[in-house]
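There are 2 protein chains.
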Amino acid sequence: MATDDLMTRALALVGDDGPLSVEVIRRLTDLADVPEPMTIAEVADLLDITPHTLRYYERAGLVEVARDRYGHRVYDAEAVRRLVFLTRMRLSGMPMRDLQHYISLVDAGQDTVPERLDMLLEHRDIIRRRIRELTLSLAATEYKIATYGGSTGPDAAALDTATEL
Amino acid sequence: MATDDLMTRALALVGDDGPLSVEVIRRLTDLADVPEPMTIAEVADLLDITPHTLRYYERAGLVEVARDRYGHRVYDAEAVRRLVFLTRMRLSGMPMRDLQHYISLVDAGQDTVPERLDMLLEHRDIIRRRIRELTLSLAATEYKIATYGGSTGPDAAALDTATEL
DNA sequence: CTATGGCTTTGAGCGCGCGCGAACGCAAAC
DNA sequence: GTTTGCGTTCGCGCGCGCTCAAAGCCATAG
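In order, the protein sequences belong to chains A and B. 1 is the number of the first residue of the first sequence in full-length UniProt numbering; add one for each residue after it. 1 is the number of the first residue of the second sequence in full-length UniProt numbering; add one for each residue after it.
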């Protein structure tokens, strides 16, 4: 896939700056169109990561994967769903450590649901802050592009005489 | 500063999700309220990075810093402005390598302005894509929070029976 | 029926980007 | 005097994943 991975599909679905509807989100998580038992190469392609990374995640305890009679990994729907979640969290900046903790909570049963929810809420806030940071950086970059004379200073009128940058 | 660094001030200025006006951007780049010659600790505090990192940037050739008679670094307005720019770019994901290249272009004179502009345009696109990615991850996270039963699946109605995650 | 290529497996080790820590000296300030 | 802050250098560390090596199984091609 790689040129048609989940994120690329998702971005195409959303467009460059369209609003996000629940319907769109539902489609983002809809995996009905992928084959049920998948090989490592297929999953890697779907998630746009390498087979190596998938094995790395498995060794890290993030997911258990069955094997066929040749010892090759066989990813069932649950594993794929979990990996979609994991890669989404990774892509949005959640560190491996936290993912390991989250999965350990999952494995610990329903009692840990509140803590999982806390983790998601906190991660949501982190993403939000990151988006705001990037939005500011974007604005600053666009400002610099618009007023470009090479200076870092704020005064467009003085750009010609400002120290070069 | 650290609890009142540039980004924190900027975020406070903008609010949690307000629109960005040119006026706000201008204020973001307005350094009139900082003392003119600064010590490494003051600059570090302003930029919310460590003195170590500032020395690292200097060794990397990103900025030249004068010294006082004791050999201590003295950051003038130009150095501070450049560092504000550099840290902003770093924070938005531009790698050191690219910053070094950019600075080398600056040092090479006006002929390199078009290439610098290209770099900024490209970086702008990268930031935009990153924001869109994060927006999607945010939406997915919020969707998961809203429908939370612990499953990664898309079907909220089946959450109770879905495999736990 | 080989064989040639292409996928998989494991394990250990490497690499990158980015900066931090530790150790040590010197000048100033309390 | 001793605490503070800055200087330099060397090396380390972290997060994350890739590379490399050695080997096994499958399919298609001669």
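Beta carbons: idealized from backbone N, C-alpha and C, even for Gly.
Would you say residue i and residue j are within 7 Å of each other, going by their C-beta atoms?
{"i": "Met94/A", "j": "His123/A", "result": "yes"}
{"i": "Leu62/A", "j": "Ile103/A", "result": "yes"}
{"i": "Leu86/B", "j": "Leu99/B", "result": "yes"}
{"i": "Arg73/A", "j": "Ile127/A", "result": "no"}
{"i": "Ile131/A", "j": "Leu134/B", "result": "yes"}
What residues are listed by DSSP as bridge partners for residue i?
{"i": "Val74/A", "result": "Ala66/A"}
{"i": "Met38/A", "result": "Tyr75/A"}
Give me the residue from the options with the minimum Cα distance to residue i.
{"i": "Glu78/A", "options": "Leu136/A, Ala44/A and Ala66/A", "result": "Ala66/A"}
{"i": "Arg88/A", "options": "Pro37/B, Tyr56/B, Leu138/B and Val84/B", "result": "Leu138/B"}
{"i": "Phe58/B", "options": "Gly109/B, Leu46/B and Tyr75/B", "result": "One point to set straight first is that residue 58/B is Glu, not Phe, in the sequence displayed. Answer by Cα proximity: Tyr75/B."}
{"i": "Ala146/B", "options": "Leu134/A, Leu136/A, Thr147/A and Asp118/A", "result": "Asp118/A"}
{"i": "Pro37/B", "options": "Asp68/B, Ala108/B and Gly109/B", "result": "Asp68/B"}
{"i": "Gln110/A", "options": "Tyr148/B, Leu83/B and Arg90/B", "result": "Tyr148/B"}
{"i": "Arg129/A", "options": "Ser92/B, Tyr56/B, Val84/B and Thr50/B", "result": "Ser92/B"}
{"i": "Asp48/A", "options": "Val84/A, Ala108/A and Thr112/A", "result": "Val84/A"}
{"i": "Ala60/A", "options": "Thr50/A, His101/A and Asp45/A", "result": "His101/A"}
If you count every other CB in all the chains shown that lies within 10 Å of the CB of residue i, and 16 or more means buried, which is it?
{"i": "Tyr70/A", "result": "exposed"}
{"i": "Tyr143/B", "result": "buried"}
{"i": "Glu64/B", "result": "exposed"}
{"i": "Ser21/A", "result": "Residue placement at Ser21/A is flagged as unreliable, the pLDDT there being 48, under the threshold of 50; the coordinate-derived value follows with that caveat. Ser21/A should be labelled exposed."}
{"i": "Arg97/A", "result": "exposed"}
{"i": "Thr141/B", "result": "buried"}
Below 8 Å on the Cβ atoms is my guess for residue i versus residue j; work out the distance and round it to an integer in Å.
{"i": "Val80/A", "j": "Val106/A", "result": "Rounded, the Cβ-Cβ distance is 16 Å, inconsistent with contact."}
Please indicate yes or no: does the CB of residue i lie closer than 6 Å to some heavy atom of the ligand GDP?
{"i": "Ser137/A", "result": "Absence of the ligand GDP is noted for the structure shown, with no ligands found whatsoever."}
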